[in-house]
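J.: Letter by letter, the sequence shown follows residues 136 to 373 in the numbering used here.
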Amino acid sequence: MDPAAAPAPAVPDSPLADTVLARLTELYAPAADPVRAEGAAAYMKHIAPFLGIPTPRRRALSKAVLAGTGRPDERDCTAIALRCWELPEREYQYFAVDYLRRYVTSCSSGFLPVLHHLVTTTPWWDTVDLLAAHVAGPLVAADPALARAMDRWIDDENLWVARTALLHQLRHKDATDADRLFGYCLRRADHPDFFIRKAIGWALREYAKTDPTAVRDFVEGARDRLSPLSVREALKNL
Numbered sequence: 136m137d138p139a140a141a142p143a144p145a146v147p148d149s150p151l152a153d154t155v156l157a158r159l160t161e162l163y164a165p166a167a168d169p170v171r172a173e174g175a176a177a178y179m180k181h182i183a184p185f186l187g188i189p190t191p192r193r194r195a196l197s198k199a200v201l202a203g204t205g206r207p208d209e210r211d212c213t214a215i216a217l218r219c220w221e222l223p224e225r226e227y228q229y230f231a232v233d234y235l236r237r238y239v240t241s242c243s244s245g246f247l248p249v250l251h252h253l254v255t256t257t258p259w260w261d262t263v264d265l266l267a268a269h270v271a272g273p274l275v276a277a278d279p280a281l282a283r284a285m286d287r288w289i290d291d292e293n294l295w296v297a298r299t300a301l302l303h304q305l306r307h308k309d310a311t312d313a314d315r316l317f318g319y320c321l322r323r324a325d326h327p328d329f330f331i332r333k334a335i336g337w338a339l340r341e342y343a344k345t346d347p348t349a350v351r352d353f354v355e356g357a358r359d360r361l362s363p364l365s366v367r368e369a370l371k372n373l
């Protein structure tokens, strides 16, 4: 489905989000560096404007933003993420991603529509990959019924949704559903886009750290279907 056709999730009321966003914009804006901002935007193919805050400085500012704020619930996480995504500069979205990584256990399966919105709004690898591994993955691990949602996402025409499904098990190690992983790789093996082909190889390479024999056997059996890029990435450390 075209993400532009889907309504954005409503931003819930959240006093915590009010506090966080007020502090965030107050601290981030003065730290902007226009020269760094232009370089960062160019590196990210101008997917979004940047403030130009170096990562160590940004994280230090984020720590100050969150000082004394306490643990959020799902409503707070939703409000903070959506409000950060409404701001134009990419660093605000990085803040939201870091926040969700930290507090993903506050979220339930009900957060999935919000995650879908984040993955399909101003999408690029810098946010999508972290959301896949550190938000989608833990949500599915906590509620295995969500794997059926990933089964739908892998077939989505939006490549970032499909990439999220491919990468959501990156950190699952022994808990990886290998049949599902291999099945996803085959279902999108003929996808022409670099980001899908690269994700197939990355997902396989990561699982090879847990079960190298299974990955090697899978790749050998599917070599005629997988792209050379996917094969090369999958076998890089084998």
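By construction, the Cβ of each residue, glycine as well, lies at the ideal position given by its N, Cα and C atoms.
(1) Note down the Cα distance separating SER243 from VAL254, rounded to an integer number of angstroms.
(2) Give the straight-line distance between the Cα atoms of ALA195 and ALA216, rounded to the nearest whole angstrom.
(3) In the DSSP assignment, find the unbroken alpha helix (DSSP H) run with GLU224 in it and report its ends.
(4) Kindly list the residues whose CB is nearer than 7 Å to the CB of ARG332, restricted to its own chain and excluding five residues on each side of it in sequence; keep chain order.
(5) For a test of the three-state rule: what should DSSP assign to ALA139, helix, strand or coil?
(6) Kindly confirm or deny that the segment 167 to 181 and the segment 277 to 294 touch, where touching means at least three C-beta pairs closer than 8 Å.
(7) Which one of GLU368, ASN372, PRO144, LEU370 has the shortest CA to CA distance from HIS252?
(8) Report the three-state DSSP secondary structure of LYS314 (helix, strand or coil).
(9) Ends of the alpha helix (DSSP H) at THR348?
(10) Mark LEU316 as exposed unless 16 or more other C-beta atoms lie within 10 angstroms of its C-beta, in which case mark it buried.
(11) Suppose the cutoff is 7 Å on Cβ atoms and the five residues either side in sequence are ignored; what does the same chain contact list for ASP309 look like?
(12) Suppose the cutoff is 6 Å on Cβ atoms and the five residues either side in sequence are ignored; what does the same chain contact list for ARG306 look like?
(13) What residues in its chain sit with their C-beta under 8 Å from that of TYR229, if we drop five residues either side in the sequence?
(14) Report yes or no: is there a C-beta of chain D within less than 9 Å of the C-beta of ASP309?
(15) Taking DSSP as the reference, what is the three-state secondary structure of THR204?
(16) Please report how far the alpha carbon of MET179 lies from the alpha carbon of VAL200, in whole angstroms.
(17) Just to confirm my understanding: we take ALA139, look at its own chain, exclude 5 residues before and 5 after, and list those with CB closer than 8 Å. What are they?
(18) Express the C-alpha separation of LYS198 and LEU162 in angstroms, rounding to a whole number.
(19) In this structure, how does DSSP classify VAL146 when only helix, strand and coil are distinguished?
(20) Just to confirm my understanding: we take PHE330, look at its own chain, exclude 5 residues before and 5 after, and list those with CB closer than 7 Å. What are they?
T.: For this structure:
(1) The sequence position of residue 243 within the sequence shown is 108, counting from 1. The sequence position of residue 254 within the sequence shown is 119, counting from 1. Taking the Cα positions, SER243 is about 17 Å away from VAL254.
(2) Within the sequence shown, numbered from 1, the residue matching residue 195 stands at position 60. Within the sequence shown, numbered from 1, the residue matching residue 216 stands at position 81. Each residue's alpha carbon lies about 19 Å from the other.
(3) The residue given as residue 224 occupies position 89 in the sequence shown. From DSSP, GLU224 is part of no alpha helix (DSSP H); its letter is neither H nor E.
(4) The residue given as residue 332 occupies position 197 in the sequence shown. Same-chain partners within the cutoff: HIS326, SER362, LEU364, SER365.
(5) Residue numbering aside, residue 139 sits at position 4 when the sequence shown is read from its first letter. With a pLDDT of 42 at ALA139, under the threshold of 50, the predicted position of this residue should be treated as unreliable, and no value is reported.
(6) They do not touch, by the three-pair rule.
(7) Start at 1 with the first residue of the sequence shown, and residue 252 comes out as number 117. Minimum Cα distance to HIS252 is reached at PRO144.
(8) Residue mapping note: residue 314 aligns to position 179 of the sequence shown, counting from 1. The question names Lys, yet the displayed sequence has Asp at residue 314. Here ASP314 sits in helix by DSSP.
(9) For this step, residue 348 is matched to residue 213 along the sequence shown. Taken as a continuous stretch (DSSP letters only), the alpha helix (DSSP H) holding THR348 covers 347 to 357.
(10) The residue you call residue 316 lines up with position 181 of the sequence shown. Label assigned to LEU316: buried.
(11) By 1-based counting over the sequence shown, the position of residue 309 is 174. Cβ within range, chain order: THR345.
(12) On the sequence shown, residue 306 is found 171 positions in, with the first residue counted as 1. Excluding positions up to five away in sequence, the list reads ALA268, GLY272.
(13) Taking the first residue of the sequence shown as position 1, residue 229 is located at position 94. Same-chain partners within the cutoff: ARG193, ASP261, THR262.
(14) Among the protein chains of the structure shown there is no chain D, as only one such chain exists.
(15) For the purposes of this step, residue 204 is taken as residue 69 along the sequence shown, with counting starting at 1. Coil at THR204, not helix or strand.
(16) Along the sequence shown, one-based indexing puts residue 179 at 44. Along the sequence shown, one-based indexing puts residue 200 at 65. When only Cα atoms are considered, MET179 and VAL200 end up about 26 Å apart.
(17) On the sequence shown, position 4 is the one that residue 139 refers to. Because the pLDDT at ALA139 is just 42, under 50, the model does not fix this residue reliably, and the value given afterwards should be weighed accordingly. Closer than 8 Å at Cβ, skipping near neighbours: no residue.
(18) For this step, residue 162 is matched to residue 27 along the sequence shown. For this step, residue 198 is matched to residue 63 along the sequence shown. Going from the Cα of LEU162 to the Cα of LYS198 covers about 11 Å.
(19) Taking the sequence shown and counting its residues from 1, one reaches residue 146 at position 11. Three-state DSSP puts VAL146 in coil, outside helix and strand.
(20) For the purposes of this step, residue 330 is taken as residue 195 along the sequence shown, with counting starting at 1. Within the same chain, PHE330 has close Cβ partners TRP260, LEU294, ARG298.
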